[in-house]
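A short write-up of the structure that comes next.
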Amino acid sequence: MEMSILQHRLTLMSRKGQTGEWWRKMGWSLMEEAKLMLPFDECPTPNHVLIMNIIIWNSRGVLKPNFQNYVREFAQNHNPAIMVIKETKIGGERAKEITDQLPFDMAIHIDTIGYARGLWLLWNSDRVEISLLAKIEQEIHVMVKICASNFS
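This is the structure we're talking about:
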């Protein structure tokens, strides 16, 4: 089984215009730099760093016998705020039945085209608030807000 983890880093800037300067300072080594920064509650500047794990997985079909066990294991080991499952090869009510058994309390589904494709966006509403902007046969567009409880 092939798996990749995408770590997304969100930085809150206190004033407009700081973003470009910050990117030039940080370069491409964001995760290494984040490890060197002070913990969130000890940060002396108005800039706050939040690290959020997002798992994106090409499942190649969710009806495989160990699919649900793999998702639970990913969630336990990597604590993702969001999980995207691609190529589910299942949609409709059956997709909802399966996602209801996974360790996420919210989901957006895109139905399959025949027995191909399918896309799920899964998250826990106590960690992030996701608002659906649009969805089409191969894309889900959302706005993600981090819940206030994750700032403390």
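Position 44 (the sequence shown) corresponds to 44 in UniProt numbering; numbering is contiguous.
Even for Gly, the Cβ is constructed at its ideal location relative to N, Cα and C.
From a predicted model like this one, the values you see are computed outputs, not experimental measurements.
How big is the Cα-Cα spacing for residue i and residue j?
i: glycine 61; j: methionine 83; result: 15 Å
i: threonine 99; j: glutamate 137; result: 19 Å
i: leucine 63; j: cysteine 147; result: 32 Å
i: asparagine 79; j: tyrosine 115; result: 30 Å
i: asparagine 53; j: leucine 122; result: 13 Å
i: glycine 92; j: alanine 75; result: 24 Å
i: glutamate 139; j: isoleucine 56; result: 13 Å
i: glycine 27; j: isoleucine 51; result: Interpretation of glycine 27 is limited by its pLDDT of 49, a score under 50 that renders its predicted location unreliable; the figure taken from the coordinates is listed afterwards. Distance between the alpha carbons of glycine 27 and isoleucine 51 is about 17 Å.
i: asparagine 77; j: arginine 94; result: 26 Å
i: glutamate 73; j: tryptophan 120; result: 18 Å
What are the boundary residues of the alpha helix (DSSP H) that includes residue i?
i: lysine 96; result: 92-99
i: glutamate 73; result: 67-78
Give every residue of the same chain whose Cβ lies closer than 8 Å to the Cβ of residue i, excluding the five residues on either side of it in the sequence, and list them in chain order.
i: isoleucine 90; result: Gly61, Val62, Leu63, Ile98, Thr112 and Gly118
i: lysine 135; result: Ile108, Ile110 and His141
i: lysine 96; result: Ala107 and His109
Leaving out five residues on either side along the sequence, give the residues of the same chain with a beta carbon under 7 Å from the beta carbon of residue i.
i: leucine 132; result: Ile108 and Val142
i: leucine 102; result: Gln68, Val71 and Leu122
Which residues in the same chain as residue i place their Cβ atom closer than 6 Å to its Cβ, once the five residues preceding and following it in sequence are excluded?
i: asparagine 58; result: Lys86 and Glu87
i: isoleucine 105; result: The question names isoleucine, yet the displayed sequence has aspartate at residue 105. Asn124 and Ser125, listed in sequence order.
i: isoleucine 130; result: Trp123, Val142 and Val144
i: alanine 81; result: Met52, Arg127 and Val128
Look up residue i in the DSSP assignment and give the residues it is bridged to.
i: asparagine 58; result: Lys86
i: alanine 107; result: Leu122
i: alanine 116; result: Ile113
i: leucine 132; result: Val142
Where does the unbroken beta strand (DSSP E) through residue i begin, and where does it stop?
i: leucine 63; result: Run containing leucine 63: none; DSSP gives neither H nor E here.
i: glutamate 137; result: It is not in any beta strand (DSSP E) - glutamate 137 carries neither H nor E in the DSSP assignment.
i: alanine 81; result: Premise fails: alanine 81 is in no beta strand (DSSP E) and is neither H nor E.
Counting pairs of beta carbons, one from the stretch 122-139 and one from the stretch 58-69, are three or more of them closer than 8 Å?
Contact fails: fewer than three Cβ-Cβ distances are below 8 Å.
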